[in-house]
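Data first, discussion second: the structure below is written as structure tokens.
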Amino acid sequence: MNTLFPPFEPYKIEQFPVSNIHTLYLEQSGNPQGKPIIALHGGPGSHSKPDHRCLFDPKKYHIILFDQRGCGKSTPAGELRENTTDQLVEDIEKIRRRLSIDTWIVHGGSWGSALALAYAEKYSQHVKALIVRGVFTFRKWEIDWVYKNARLFYPDVWDEVCKVLNFSEGDNFGEKMKKILLSGNKTAITKAVKVYTIWSAHLMKLFPVVDRITPISESEIYSAQIMFHYVQNNGFLKEGQLLDKATVLQNIPTAIIQGRYDVCCPPLTAWELHKKLPQSELVFVQDAGHKGDERGIIDKVIEYTNKFSTL
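Quick note on numbering: the sequence shown equals residues 251 to 561 in my numbering.
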């Protein structure tokens, strides 16, 4: 079974201005002469992590990571202005041009898979291959699943969420969360983010880890604000857009890696993407859920990064 490559550090880190408001954290690691690959983090609202670069062989790959607008080490932290999917797609293209890269492999998991598809569908001529996992496309039923229907698996946890947020059946979860998160009431915001973090943790893994949740930090509040900024705007995507446009990717080698028991992003979306892309290879990891750090997911992502390194 493939495991993460041993930790290694970036050889270049910079703050890259992409607008009058936003400056992105951008790092490069691995082999500067290697095959370029960009890894897109999840969320929306999360950030790149050192383990993300360890999915790629540093001898073979020129590895590019960045934090999306308002995320992680990008500034201003938590900024919602000029923060849409189209603008993130253009940021990726600006990074490609800044680094003088012709074609590259694009990898993304969860929200990162949606962003990878959005970028590849607009700039397919610059995409050598795609590796996506835990596929999510921001369709209405996918959003409703995460913020309502996944209670079918965790009714006890959902009941606690509803009690804390005073959430009833007819309420719009995303709308309610965004209202709380932007209310300025620190106590209410912290309580909402904590219960949301607990809910999310139950959806992430085949064997959820919920006993390590630490006190809520300012960065976690920013992360949640960005998340529900996107949720309330349906990811700034038209309904079904990413699957409808996927046919433009039919000549691009594509790997789709999906946890069989992904309770956050059900496998149906990965299957539908595979049906749109006859050339794609779809792998259901039988002992995995959603999270990218599950052993079976890591194994398959590295299998395909190794395979695509020869393209």
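C-beta atoms are modelled at their ideal positions from N, C-alpha and C, and glycine is treated no differently.
For residue 535, report the span of its beta strand (DSSP E) as first-last.
As a first step, residue 535 is located in the sequence shown; it is residue number 285 there, counting from the start. That run of the beta strand (DSSP E) goes 531-535.
For residue 616 and residue 427, which I take to be in contact (beta-carbon distance under 8 angstroms), what is that distance rounded to the nearest angstrom?
Missing from the structure shown is residue 616; the chain here goes from 251 to 561 and no further.
Open item on the list: I need the boundaries of the alpha helix (DSSP H) containing residue 369, first residue and last residue.
Closed with: Residue mapping note: residue 369 aligns to position 119 of the sequence shown, counting from 1. Segment 361-372, the alpha helix (DSSP H) holding residue 369.
Quick check on this structure: which residue in 285, 258, 558, 481 has the alpha carbon closest to the alpha carbon of residue 386? Taking the sequence shown and counting its residues from 1, the one referred to as residue 386 is at position 136. Of 285, 258, 558, 481, the residue nearest in Cα terms is 481.
- Please name the residue in 333, 511, 292 whose C-alpha comes closest to that of residue 273. Sequence index remark: in the sequence shown, residue 273 carries index 23 (1-based). Ranking 333, 511, 292 by Cα distance to residue 273 puts 333 first.
inquiry  = Could you check whether residue 547 and residue 535 sit closer than 7 angstroms to each other, using their CB atoms as the reference points?
reply    = Numbered from 1 along the sequence shown, position 285 holds the residue referred to as residue 535. Numbered from 1 along the sequence shown, position 297 holds the residue referred to as residue 547. Against a cut-off of 7 angstroms, the Cβ pair of residue 547 and residue 535 comes out as a contact.
Q. Less than 7 angstroms separating the beta-carbons of residue 475 and residue 328?
A. In the sequence shown, residue 475 corresponds to position 225, counting from 1. In the sequence shown, residue 328 corresponds to position 78, counting from 1. In contact: residue 475 and residue 328 (Cβ atoms closer than 7 angstroms).
Can you check whether the CB of residue 493 is closer than 7 angstroms to the CB of residue 522? Indexing the sequence shown from 1 puts residue 522 at position 272. Indexing the sequence shown from 1 puts residue 493 at position 243. One thing to note: residue 522 has its Cβ within 7 angstroms of the Cβ of residue 493.
Note down, in chain order, each residue of its chain lying with its Cβ closer than 8 angstroms to the Cβ of residue 496, except the 5 sequence neighbours on either side. Locating residue 496 in the sequence shown gives position 246, where the first residue counts as 1. Once the five neighbours on either side are set aside, the close Cβ partners of residue 496 are 367, 371, 523, 526, 527.
Query raised in the report: From residue 483 to residue 314, what distance separates their C-alpha atoms?
Result: Here residue 483 refers to the residue found at position 233 when the sequence shown is read from its first residue. Here residue 314 refers to the residue found at position 64 when the sequence shown is read from its first residue. If you take the alpha carbons of residue 483 and residue 314, they lie about 28 angstroms apart.
Write down every uninterrupted run of the beta strand (DSSP E) in the segment 465-519 whose length is 3 residues or greater and which is fully enclosed by it, in chain order.
504-509
CA-CA distance, residue 288 and residue 557? Looking up residue 288 in the sequence shown gives position 38. Looking up residue 557 in the sequence shown gives position 307. Answer to the nearest angstrom: the Cα atoms are 16 angstroms apart.
query: Leaving out five residues before and five after residue 430 in sequence, what residues of the same chain have Cβ atoms less than 8 angstroms from its Cβ?
result: What you label residue 430 is simply residue 180 of the sequence shown in a count that begins at 1. 415, 438, 439, 442, listed in sequence order.
Using DSSP bridges, identify the partner residues of residue 258. Taking the sequence shown and counting its residues from 1, one reaches residue 258 at position 8. In DSSP, residue 258 forms no bridge with anything.
On the CB-based measure, 16 or more other CB atoms within 10 Å of its CB, does residue 317 come out buried or exposed? Walking along the sequence shown from the start, residue 317 turns up at place 67. Looking at its Cβ environment, which holds 16 or more other Cβ atoms inside 10 Å, residue 317 is buried.
Look at the alpha carbon of residue 281 and the alpha carbon of residue 380, and state the distance between them as a whole number of angstroms. Translated into positions along the sequence shown, residue 281 becomes position 31. Translated into positions along the sequence shown, residue 380 becomes position 130. If you take the alpha carbons of residue 281 and residue 380, they lie about 20 angstroms apart.
Can you tell me where the beta strand (DSSP E) holding residue 326 begins and where it ends? Counting from 1 along the sequence shown, the entry for residue 326 is found at position 76. Neither: residue 326 is in no beta strand (DSSP E) and is coded neither H nor E.
Notebook entry, point to check: Going by Cα to Cα distance, which pick from 559, 391, 277, 539 is closest to residue 454?
Noted result: Numbered from 1 along the sequence shown, position 204 holds the residue referred to as residue 454. Looking at the Cα atoms, 539 is the closest of the given residues.
### Task
Select from 266, 373, 397 the residue whose C-alpha is nearest the C-alpha of residue 449.
Counting from 1 along the sequence shown, the entry for residue 449 is found at position 199. Considering only alpha carbons, the answer is 397.
Checklist line | Beta carbon of residue 285 nearer than 7 angstroms to that of residue 311 | finding: Numbered from 1 along the sequence shown, position 35 holds the residue referred to as residue 285. Numbered from 1 along the sequence shown, position 61 holds the residue referred to as residue 311. Contact flag set, yes.
Checklist entry - DSSP on residue 423, reduced to helix/strand/coil? => result Reading the sequence shown from its first residue, position 173 is the one you call residue 423. Looking at residue 423 - three-state DSSP - the assignment turns out to be helix.
Backbone CA spacing between residue 479 and residue 487 [nearest angstrom]: Working through the sequence shown from its first residue, we reach residue 479 at position 229. Working through the sequence shown from its first residue, we reach residue 487 at position 237. Rounded to whole angstroms, residue 479 to residue 487 spans 13 angstroms at the Cα level.
**Study point:** Start and end residues, beta strand (DSSP E) containing residue 437
**Key:** In the sequence shown, residue 437 corresponds to position 187, counting from 1. It is not in any beta strand (DSSP E) - residue 437 instead sits in the alpha helix (DSSP H) that spans 436-454.
Open item on the list: Contact defined as beta carbons within less than 8 angstroms: I believe residue 337 pairs with residue 319. What is the distance between those atoms, to the nearest angstrom?
Closed with: Along the sequence shown, one-based indexing puts residue 337 at 87. Along the sequence shown, one-based indexing puts residue 319 at 69. Correct: roughly 7 angstroms between the Cβ atoms.
Checklist entry - Could you give the distance in angstroms between the alpha-carbon of residue 408 and the alpha-carbon of residue 401? => result Stepping through the sequence shown from its first residue, residue 408 is reached at position 158. Stepping through the sequence shown from its first residue, residue 401 is reached at position 151. Those two C-alpha atoms are separated by around 6 angstroms.
Which of the three DSSP states is assigned to residue 283 in this structure? Counted from its first residue, the sequence shown places residue 283 at position 33. Note: residue 283 maps to coil in three-state DSSP.
### Message
Under DSSP, the beta strand (DSSP E) around residue 297 begins and ends at which residues?
### Response
Translated into the one-based positions of the sequence shown, residue 297 becomes position 47. Careful: residue 297 lies outside any beta strand (DSSP E) and carries neither H nor E.
**Report entry** residue 258 to residue 422 span [Cα, whole Å]
**Finding:** Start at 1 with the first residue of the sequence shown, and residue 258 comes out as number 8. Start at 1 with the first residue of the sequence shown, and residue 422 comes out as number 172. Each residue's Cα considered, the two are about 43 angstroms apart.
Proximity winner among 276, 435, 419, 389, relative to residue 322 (alpha-carbon distances) = Taking the sequence shown and counting its residues from 1, one reaches residue 322 at position 72. Proximity to residue 322 across 276, 435, 419, 389 peaks at 276, based on C-alpha coordinates.
How is the beta strand (DSSP E) around residue 383 delimited, first residue to last? Start at 1 with the first residue of the sequence shown, and residue 383 comes out as number 133. 377-383 is the extent of the beta strand (DSSP E) around residue 383.
In the structure shown, what three-state DSSP assignment does residue 538 receive? Within the sequence shown, the letter at position 288 stands for residue 538. Residue state, collapsed to three classes: coil.
Rounded to the nearest angstrom, what separates residue 473 and residue 307 at their Cα positions?
Stepping through the sequence shown from its first residue, residue 473 is reached at position 223. Stepping through the sequence shown from its first residue, residue 307 is reached at position 57. Roughly 29 angstroms between the two C-alpha positions.
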